[in-house]
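Below: one structure, written as structure tokens.
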Amino acid sequence: MEIGDPRTGGDAFLREFGFHDDTWLDRLREAEDEAPWGRAGMYEIREEIGRGGQGVVYRARDPQTGRDVAIKCLVGGAFASPANRRRFSREISAAASLRHRNVVTWLGVTEVRGQPAIALEWIDGVPIDRWAAGEGARRPIDAIVRVMTQVAEAIRHAHQRGVLHRDLKPSNILVDANDVPHVLDFGLAKSARDASETFTATGQFLGTPAYASPEQVRGSADAFDVRSDVYALGVLFYELLTGRMPYDLGRTLVEAFESIERAEPARLRSLAPDVPADLEAIVAKMLEKDPARRYQSVDSFLTDLDAFGRGAPVAAREPSALYTLRKSVRRHQLAVSLAAAGLLVALGWGTTMAVLLHRSEEERARTVRVQAFLESTLLPEGSSAAAVNYRLVDLLARAASRIDTEFATEPELAARLRLKVTEIYAQLWRWDDVAREARLALPTLRAVHGDESEPVAHALFLLGEAAAFRGDPEAVTLEEESLRIRRRLFGDESRQVAAALSGLALACWRSDTADGIERAEASYREAVRIYDRRGEAPSFTSAGTNYSFAAFLYARGRYAESVPRFERALALYDGLPEAADVHRLRCQENYAWACLALPDSARAERVFRECVAARPEGSVDESLPETTWQVGRLCEAAGRQNEAREWFLHSLAARAALVRGTGLPAVPPDTPASDLLASLHDAADVETWAPTVDDYRAVFAAP
């Protein structure tokens, strides 16, 4: 029967449903009894589990292993429309391409009544919303965050392979008895390059309206991308935390679409007051109507969620909130406490100021005054370097507060000193302090040196860096101005311009917009090209730029590209004085994480071990517990159980030392307590581990 045949009324949509010839009658007869009791390939069908608009799922048994599996086939079998068959074919391709611990495992393709079906891992679990509701009381916030992190990691894995889910909802995420979530049903999954289909030829909405993004309900073909899955994750997160949907969806599809497009969600904390403000801000950013204002990727969301879990500032907060580079990569700020005499050496402050000021006989007196000022500020009268051990930030605050009074008659010198304090605050990631000190220094620097001077450009660079880390949109403008001045002063191929480009790249990256991300990469590439072309000796700025670029690539999920960039940064750090060791160690740790993400477990384990060995004997910092734990995990995965236990216990001992020595929180949110407990529980010789068990108890009992 042709499309133009009178029997079809000339209606082209009949071909879409296979009514254009008489074979539809045969398919209808085959579809009358959909229950394929008997076999599906090698599997024995046991019962029907669920049925949706397009698919039906059966529970089956693998006779070879005795394990249950899930069999999914199309509703209607051979009678399914060509469009549904195409979608099912995409689901098969998507399922086959994904291998992740939180994605239901694809076992292969089989047949039901001669039609293709998917065999999948059987998950004995409950939908994630039922899991979150708990039995009598909603699950703790930290448990919900932990499970949502795993869900997001699964979706990130799919996105990295070019697959969008497009139908994230509670029934498509099952949580097992061990509180491990499994994402399933990629029935609407589509390539990220071709994700425009939102409605069928007959106007049927594809997906679940309650979890659909504004651009999805509008049918905006060109706007549907990874950010739409971010939005769906946001709706799900909101629901898990509050037990309610973010909008009143009304009674009709039209009302639901209207709410999704126009209504603002109720403030999350008005429904769940115990939810921290940072977490509320994260969910609100996921639910932004404008995709450009959301997280630009699941990875960006995960890095913010990681920052929240560690108690670090998050990007989703208002500009007044602090923001740290640990948002995107696993950097760990050291808890710095230095002896006062050691401070002068470690910072090179006195030497730097001497070089800065010692240019003439007249200025030698200034040098002496600066040195006396630093010593009197950092070493109170009657104290010895060995006896005094101040926190560095307290010492800096003391110095900054006295600059104006000590050098009231020498404003230029006061401004330069303040700029030096600003640099040190930046090394400590004290961005509020950086912003304050840079703004105090700028007017004098402009008055003395002029608006188009290097000191002004450097102050703008530091101020822009602080603005970027604090989420201030002014960051890009400040870094652009610094770059403009340095281009004019030093030329396009100068090291000063390369440093400014690195600052601009960071500001654009932190803007977390699509245009910003693209511009950030271009700026990073130009900066490292300049450094490489100049071929000069390694410097802190060239090493730091390569490190920052590697971190950028890592945060974008481009692990294979980040690894050689991390290696380049490490090679540059190797050519620097010992003062760079802390920065090198952080770079090396992130390099290990990138190797692990490739995945290259062998190389990751080797680098993690090198990170442990690189520390001075007996030293402990905040990242050591996590680094040693990760070595244990890799040993465990390789079947070296005894060695794994040793590393787990090493991690516990490091955490105990931190608690006793620094007053840090006993158990940070990312401490792998369950894994450590399991390892201890499995230890055969309890007495051998008794001392460390005591440490373990001390850690977890500490206030």
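Quick note on numbering: the sequence shown equals residues 1318 to 2020 in the working numbering.
Idealized CB from N, CA, C, for every residue including glycine.
Since the model is a prediction, treat every value here as computed from it, not as a measurement.
Once DSSP output is grouped into helix, strand and coil, what is the label at GLU1838?
Along the sequence shown, one-based indexing puts residue 1838 at 521. If DSSP states are grouped into helix, strand and coil, GLU1838 belongs with the helices.
Do PRO1582 and LEU1604 count as a contact pair if the criterion is CB distance below 7 angstroms?
As a working note, residue 1604 is residue 287 in the sequence shown. As a working note, residue 1582 is residue 265 in the sequence shown. Yes, the pair counts as a contact, with Cβ atoms nearer than the cut-off.
Distance between HIS1417 and ILE1445 (C-alpha atoms, nearest Å)
Here residue 1445 is taken as the residue at index 128 of the sequence shown, counted from 1. Here residue 1417 is taken as the residue at index 100 of the sequence shown, counted from 1. Each residue's Cα considered, the two are about 18 angstroms apart.
Residues in the same chain with beta-carbon distance under 6 angstroms from ALA1824, minus the five sequence neighbours each way, listed in chain order, please.
Position 507 of the sequence shown, counting from 1, holds the residue named residue 1824. Hits under 6 angstroms: GLY1781, ALA1785, ALA1792, VAL1793 and GLU1796.
Please say whether ALA1844 and ALA1867 have beta carbons closer to each other than 7 angstroms?
In the sequence shown, counting from the first residue as 1, residue 1867 sits at position 550. In the sequence shown, counting from the first residue as 1, residue 1844 sits at position 527. Their beta carbons are not under 7 angstroms apart, which means ALA1867 does not touch ALA1844 by this criterion.
Counting along the chain, where does the beta strand (DSSP E) carrying LYS1602 start and finish?
Within the sequence shown, residue 1602 is the residue found at index 285, counting from 1. Premise fails: LYS1602 lies in the alpha helix (DSSP H), 1594 to 1603, not in any beta strand (DSSP E).
What is the rounded straight-line gap between the Cα of ARG1804 and the Cα of ASP1546?
Counting from 1 along the sequence shown, the entry for residue 1804 is found at position 487. Counting from 1 along the sequence shown, the entry for residue 1546 is found at position 229. Distance between the alpha carbons of ARG1804 and ASP1546 is about 41 angstroms.
Express the C-alpha separation of LEU1800 and LEU1759 in angstroms, rounding to a whole number.
Reading the sequence shown from its first residue, position 442 is the one you call residue 1759. Reading the sequence shown from its first residue, position 483 is the one you call residue 1800. Answer to the nearest angstrom: the Cα atoms are 16 angstroms apart.
I need the boundaries of the beta strand (DSSP E) containing GLY1367, first residue and last residue.
Numbered from 1 along the sequence shown, position 50 holds the residue referred to as residue 1367. Its beta strand (DSSP E) spans residues 1360 to 1368.
Kindly indicate which three-state DSSP category ASP1891 falls into: helix, strand or coil?
Numbered from 1 along the sequence shown, position 574 holds the residue referred to as residue 1891. If DSSP states are grouped into helix, strand and coil, ASP1891 belongs with the helices.
Determine the DSSP secondary structure at ARG1787, reduced to helix, strand or coil.
Numbered from its first residue, the sequence shown carries residue 1787 at position 470. Three-state DSSP puts ARG1787 in coil, outside helix and strand.
Can you tell me the Cα-Cα spacing of GLY1820 and PRO1498, whole angstroms?
Stepping through the sequence shown from its first residue, residue 1820 is reached at position 503. Stepping through the sequence shown from its first residue, residue 1498 is reached at position 181. For GLY1820 and PRO1498, the distance between alpha carbons rounds to 39 angstroms.
List the whole-angstrom C-beta distance separating VAL1443 from VAL1492, where the pair is believed to meet the contact cut-off of C-beta under 8 angstroms.
Here residue 1443 corresponds to residue number 126 of the sequence shown, with the count starting at 1. Here residue 1492 corresponds to residue number 175 of the sequence shown, with the count starting at 1. Rounded, the Cβ-Cβ distance is 6 angstroms, consistent with contact.
Between the CA atoms of ALA1377 and GLU1364 - distance to the nearest angstrom
For the purposes of this step, residue 1364 is identified with residue 47 of the sequence shown, where counting begins at 1. For the purposes of this step, residue 1377 is identified with residue 60 of the sequence shown, where counting begins at 1. Those two C-alpha atoms are separated by around 7 angstroms.
If we ignore side chains and look at the alpha-carbon of each, how far apart do PHE1554 and ASN1489 end up?
Within the sequence shown, numbered from 1, the residue matching residue 1554 stands at position 237. Within the sequence shown, numbered from 1, the residue matching residue 1489 stands at position 172. In a straight line, the C-alpha of PHE1554 is about 14 angstroms away from that of ASN1489.
Proximal residues to LEU1779 (C-beta, below 8 angstroms), its chain only, five neighbours per side dropped
Position 462 of the sequence shown, counting from 1, holds the residue named residue 1779. LEU1736, THR1739, GLU1740, ALA1743, VAL1751 and ALA1755.
Does the beta-carbon of MET1465 have 16 or more other beta-carbons within 10 angstroms, so that it is buried, or is it exposed?
If you number the sequence shown from 1, residue 1465 lands on position 148. Answer is buried; the Cβ neighbour count reaches 16.
By a C-beta neighbour count over all protein chains shown, 10 Å radius and 16 as the cutoff for buried, is ASP1484 buried or exposed?
The sequence position of residue 1484 within the sequence shown is 167, counting from 1. The residue is buried, with at least 16 neighbouring Cβ atoms inside 10 Å.
For GLU1853, the residue or residues it bridges with in DSSP:
As a first step, residue 1853 must be located in the sequence shown, where it is residue number 536. Partner(s): none; GLU1853 has no beta bridge.
Member of CYS1904, ARG1827, ASP1385 and GLY1453 whose CA lies at the smallest distance from the CA of ARG1873
Along the sequence shown, read from residue 1 onward, the residue named residue 1873 stands at position 556. Ranking the options by Cα distance to ARG1873, first place goes to ARG1827.
Would you list the residues sitting across from TYR1528 in a DSSP beta bridge?
Position 211 of the sequence shown, counting from 1, holds the residue named residue 1528. Answer is none; TYR1528 lacks a bridge partner.
Return the CA-CA distance between LEU1902 and TRP1946, expressed in angstroms with no decimal places.
Within the sequence shown, the letter at position 585 stands for residue 1902. Within the sequence shown, the letter at position 629 stands for residue 1946. Spanning the two alpha carbons is a distance of roughly 17 angstroms.
Let me know the secondary structure DSSP gives LYS1606 once reduced to three states.
One-based indexing of the sequence shown puts residue 1606 at position 289. LYS1606 falls in the coil class under three-state DSSP.
Assuming THR1858 contacts ALA1816 (C-beta within less than 8 angstroms), just tell me the rounded distance between them.
As a working mapping, residue 1858 is identified with position 541 in the sequence shown. As a working mapping, residue 1816 is identified with position 499 in the sequence shown. Their Cβ separation, rounded to whole angstroms, is 5 angstroms, which keeps THR1858 and ALA1816 in contact under 8 angstroms.
Counted within 10 angstroms of its Cβ, other Cβ atoms place LEU1915 as buried (16 or more) or exposed:
By one-based count along the sequence shown, residue 1915 stands at place 598. The residue is exposed, with fewer than 16 neighbouring Cβ atoms inside 10 Å.
Along the chain, where does the alpha helix (DSSP H) containing ILE1490 start, and where does it finish?
The sequence position of residue 1490 within the sequence shown is 173, counting from 1. Element bounds for ILE1490: not the alpha helix (DSSP H) but the beta strand (DSSP E), 1490 to 1493.
Could you give the residue range of the beta strand (DSSP E) that holds LEU1558?
For the purposes of this step, residue 1558 is identified with residue 241 of the sequence shown, where counting begins at 1. Per DSSP, LEU1558 belongs to no beta strand (DSSP E); it is in the alpha helix (DSSP H), 1543 to 1559.
For the alpha helix (DSSP H) that contains VAL1899, what are its first and last residues?
Locating residue 1899 in the sequence shown gives position 582, where the first residue counts as 1. VAL1899 -> alpha helix (DSSP H) spans 1898 to 1914.
Local conformation of TYR1864 per DSSP, three classes:
The residue labelled residue 1864 in the question sits at position 547 within the sequence shown. It is helical.
Cα-Cα, which of VAL1421, PRO1487, GLY1451 and GLU1878 is closest to GLY1551?
In the sequence shown, the residue the question calls residue 1551 occupies position 234. Out of VAL1421, PRO1487, GLY1451 and GLU1878, PRO1487 has the C-alpha closest to the C-alpha of GLY1551.
Taking the C-alpha atoms as reference points, what is the distance between ARG1812 and TYR1848?
For the purposes of this step, residue 1812 is taken as the residue at position 495 of the sequence shown. For the purposes of this step, residue 1848 is taken as the residue at position 531 of the sequence shown. Approximately 7 angstroms between the Cα atoms of the pair.
Take the Cβ of ASP1621 as the centre, count every other Cβ of all protein chains shown within 10 Å, and call the residue buried at 16 or more, exposed below.
On the sequence shown, position 304 is the one that residue 1621 refers to. So ASP1621 ends up on the buried side.
What does a CB cutoff of less than 7 angstroms around ALA1263 pick up in its chain, not counting 5 residues either side in sequence?
In the structure as shown, the chain begins at 1318 and stops at 2020. Residue 1263 is therefore absent and cannot be evaluated.
Measure the C-alpha to C-alpha separation of ALA1527 and ALA1589 and round it to an integer number of angstroms.
As a first step, residue 1527 must be located in the sequence shown, where it is residue number 210. As a first step, residue 1589 must be located in the sequence shown, where it is residue number 272. For ALA1527 and ALA1589, the distance between alpha carbons rounds to 20 angstroms.
Chain-order list of residues whose beta-carbon lies under 6 angstroms from that of ALA1601 (same chain, five-residue window excluded):
By 1-based counting over the sequence shown, the position of residue 1601 is 284. Around ALA1601: no qualifying Cβ.
So, under 8 angstroms CB-CB, PHE1405 and LEU1391 are touching, yes? Tell me the CB distance rounded to an integer number of Å.
Position 88 of the sequence shown, counting from 1, holds the residue named residue 1405. Position 74 of the sequence shown, counting from 1, holds the residue named residue 1391. 5 angstroms between Cβ atoms; contact.
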